[in-house]
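Numbering (my numbering), first residue to last: 185 to 256.
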């Protein structure tokens with residue numbers, strides 16, 4: 185795994201441990217957007233996985249859909 189991917193994974197895990205508990209469960213998708221980002225970076229690397237995570241976060245709003253949306 186590349187250094188940028190490791191850094192992104194560290195940032196996502198820090199978010200999950202420190203900020204997510206304070207913000208509560210707001211994600212409309214399963215897995216959550218942060219978990220999706222973690223899986224996408226692990227599977228596809230920093231560049232493609234990061235882009236996939238950003239697109240997913242962009243869809244996470246009241247008019248953007250909901251439900252099961254796994255990393256492909």
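Even glycine gets a Cβ: it sits at the ideal position worked out from N, Cα and C.
According to DSSP, what are the bridge partners of residue i?
{"i": "residue 214", "result": "252"}
What's the gap between the Cα of residue i and the Cα of residue j?
{"i": "residue 194", "j": "residue 251", "result": "26 Å"}
{"i": "residue 229", "j": "residue 186", "result": "7 Å"}
{"i": "residue 210", "j": "residue 245", "result": "10 Å"}
{"i": "residue 249", "j": "residue 225", "result": "22 Å"}
{"i": "residue 189", "j": "residue 232", "result": "10 Å"}
{"i": "residue 214", "j": "residue 253", "result": "6 Å"}
So, for residue i: in the same chain, excluding its five sequence neighbours on each side, which residues have a beta-carbon less than 6 Å away from its beta-carbon?
{"i": "residue 196", "result": "218, 221, 222"}
{"i": "residue 216", "result": "none"}
Are there any heavy atoms of the ligand GDP lying less than 7 Å away from the beta-carbon of residue i, as far as the coordinates show?
{"i": "residue 188", "result": "Judged by which ligands are present, the structure shown has none, so any question about the ligand GDP falls away."}
What do you reckon, are the CB atoms on residue i and residue j nearer than 8 Å?
{"i": "residue 234", "j": "residue 192", "result": "yes"}
Quick one: residues in its chain with C-beta nearer than 7 Å to the C-beta of residue i, no 5 flanking neighbours on either side, listed in chain order?
{"i": "residue 200", "result": "218"}
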